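The structure appears right after this line, and notes come after that.
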Amino acid sequence: MALLDGPPALRLDGGAALARLAAAGFPTEALKAPARRLAIEVALDRDARGHRITVGQSGADTAPLAQVIVDPLTGPLAHHGRRLAGGLGLTSIPAKAISDLIGKLYTLALAEDAIQLRVDPVEIDESGALACRAAGFGLDRMAEFRHPAWRDLPIEAPGTPLERQLLAAGAVGVEVDPDGDIAAVVSGAGLMMASLDILVARGGRVRLMVDMQGLPLQGAEGLAPLIEPAAALRPKVMFYGGRFNAPVTDGFARTVVAVHRKLAVESPVYTWVDGNKVPEAQAIFAEAGFIVCDTLEGALAEVVAAAAG
Amino acid sequence: MAILLNRDTRAIIQGMTGKVGSAMAARFLAARQLLVAGVTPGRGGATVEGLPVFDSCHDAVAECGVDCSFVTVPAPFALDAVYEAVDASIKVIMLYIENVPVLDALRMSRYARARGAWVLGPNSAGCASPGLANFSEMDERFLTAGRIGVVAKSGAMCMEAEHYLKRAGYGASTILSIGGDAVLGTYHGDALAMFEADPDTDGVVMVGEIGGRSELQAAPVVAGMSKPVTALVIGRHAPHGRQMGHAGAYQGEAEEGFAVKTEALRKAGAWIADDITGVGETMRRALGNA
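Protein chains in written order, with this note's numbering: chain Y, 7 to 315; chain B, 191 to 480.
Okay, structure coming up:
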């Protein structure tokens, strides 16, 4: 299943997670005579376009015994509960108890903007008494505005120091190969991936790829903090490229040139721009001694050749 | 015809009094698009770029007649904005903004589909039917009308695909950016089905990327199409486990990667381009064999 486990989510685990369950009214005190120890997971599945609820025996490595997809328009339905309880081999009162618990966990996952909520173990006895003994939440960082208290949670900062520096500047950087000799700064996440693919396919070894995101619209003030750390790497070859629909291409070129002059970067610079104000931008690049290419494929081929030469 | 947007499409911008909304309004009007109004709750009666601003989508629909909304409100308000547009019977909703909570994206997607509306995004660059209507980041002056559909998550890939189609002698019927976030309102397969039904589309370029399974889910649609599909999955050389700019461009399991997706599309009958610069020529070969 394609859980949203990509960029590190905020995590709430251990005692803090169990305390959150207790505060929400879930039983957490150990049972005296548990008959079963189970695991329940409520996780947002991006491709199923709903929440996947999975149940099984306690333990990280055990196979799920049953799972259902819950439509966000309906929430869990009675038949979901019956199917999950049946998968666990529960009947009668324990089945009703576990079904009710699952419904409440789903509601909690929504309230907490949890991408993933796993409770393991869940103790249950013959009378249907339950105890949630350990839990973990993966929280959607994009929902932080709804949860001011998350600011106090430990955040696993993603990426390398350079990637974090670029992120702070408002861009996305990916350090690809520490031994690479090409750094490329382009406009758009898609172009970042597509350019990387072409460079590597042609034999290039890429040190860094950067997606400028919307920073060209912010002028030199927004762009310089992104370009400086990339240029400061002083790779063997640099590439700047993008198709600019807004009339910012000349400003982009001026900022790139200014940063390279300021840092006295001597690496050869290849450029490709298209869209608005292209002649102006190309003139600025050419005047600075940068290599101006007319096509993306031509530019990337020249970059790889220069790095190999 | 084309899909989603046509010559008579009447659009609003939700959030038009904001910085992004007003900038996009100026751009759409400069390109002579049929932008008819804006909506910002509490700002009814104002004007932006000479267009009226309404308090609600219902008011805008009643006063101006609206088919499409371009949503630029801040992420915390996106869910409410989309619900309101859907409830006002607007059938095409383009969510330009990013960083929308995934639960909100999930809810708006399901809500819209259940009511016959399409949401593009979050993080969509918009949609353009060149020569007919263009509510997107793409500059109308650089687009060429034609009979090839384009669908990509990325706005940049929409533009590059259109460019390389043009180099090969083709124009686009509709160019559709479905957005780069992890949970979307419209997926590749949805767009392919629309293009298959469009009499003015002869073939489709589909650009996928690593992360998620939209491309895998599109494979059976490709297999059932009568029109040729040129496909490309970008992110082949992305370092494993890294987010590549888009919130959704993250390969966790192998199925979310280049190899599995590309093979699934190839087996379904898609013509696979080596890279984005090759989509035009690949489409030429595909059409030649159609």
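Heads up, the beta-carbon is just placed ideally off N, CA and C, and yes, glycines get one too.
Since the model is a prediction, treat every value here as computed from it, not as a measurement.
query: Is Pro235(Y) close to chain B, meaning its C-beta is less than 8 Å from at least one C-beta of that chain?; result: no
query: How would you list, in chain order, the residues of chain Y whose beta-carbon sits under 7 Å from the beta-carbon of Arg432(B)?; result: Val180
query: Using a threshold of 8 Å, state whether the C-beta atoms of Gly247(Y) and Val192(Y) are closer than that.; result: yes
query: For Glu329(Y), which of helix, strand or coil comes out of DSSP?; result: Nothing can be reported for residue 329(Y), as the shown portion of chain Y is limited to 7 through 315.
query: Compute the distance between the beta-carbons of Leu422(B) and Lys451(B), then report whether it is under 8 Å.; result: no
query: Cβ closer than 7 Å: which chain Y residues qualify as neighbours of His248(B)?; result: What His248(B) touches in chain Y: nothing, since even the nearest Cβ is about 22 Å away.
query: Quick check on the burial criterion: 16 or more other C-beta atoms within 10 angstroms. Buried or exposed for Ile283(B)?; result: buried
query: So, helix, strand or coil for Pro320(B), using DSSP?; result: coil
query: Out of Val243(B), Val469(B), Val226(B), state which residue places its alpha-carbon closest to the alpha-carbon of Arg233(B).; result: Val243(B)
query: Three or more C-beta pairs closer than 8 Å, one from the segment 296-315 of chain Y and one from the segment 274-288 of chain Y: is that the case here?; result: yes
query: Using the rule of at least 16 other Cβ atoms within 10 Å of the residue's Cβ for burial, across every protein chain shown, is Pro291(B) buried or exposed?; result: buried
query: Check distances from the C-beta atoms of the segment 255-267 of chain Y to those of chain B and list, in chain order, the residues that come in under 8 Å.; result: none
query: Give me whichever residues DSSP pairs with Arg58(Y) in a beta bridge.; result: Ala49(Y), Ile75(Y)
query: According to a CB-to-CB cut-off of less than 8 Å, which residues of the segment 262-285 of chain B neighbour chain Y?; result: Ala265, Pro266
query: When burial is assigned at 16 or more other CB atoms within 10 Å of the CB, is Asn479(B) buried or exposed?; result: exposed
query: Would you call Asp198(B) buried or exposed, if buried means 16 or more other Cβ atoms sit within 10 Å of its Cβ?; result: exposed
query: By the criterion of Cβ-Cβ separation under 9 Å, what are the contact partners of Gly370(B) in chain Y?; result: Ala195, Gly196
query: Just to confirm the assignment, what range does the beta strand (DSSP E) spanning Arg17(Y) have?; result: 16-19
query: I want to see whether chain Y comes within less than 8 Å of Asn289(B), judged by CB atoms only; does it?; result: yes
query: Determine, for Gly281(Y), whether the minimum Cβ-Cβ distance to residues of chain B falls below 8 Å.; result: yes
query: Beta-carbon of Ala311(Y) versus every beta-carbon of chain B: anything under 8 Å?; result: no
query: Just grab the DSSP bridge partners of Cys258(B) for me.; result: Ala201(B), Val282(B)
query: Quick check on the burial criterion: 16 or more other C-beta atoms within 10 angstroms. Buried or exposed for Lys417(B)?; result: buried
query: Go ahead and label Leu10(Y) buried or exposed: buried means 16 or more other beta carbons lie within 10 angstroms of its beta carbon, across all protein chains shown.; result: Since pLDDT at Leu10(Y) reaches only 43, below the 50 mark, its modelled position is unreliable, and the value read off the structure follows with that caveat. Flag for Leu10(Y) reads buried.
query: In chain order, which beta strand (DSSP E) runs of at least 3 residues are fully inside the segment 112-170 of chain Y?; result: 120-130, 136-138, 141-145
query: Any beta-carbon of chain B closer than 8 Å to the one on Val76(Y)?; result: no
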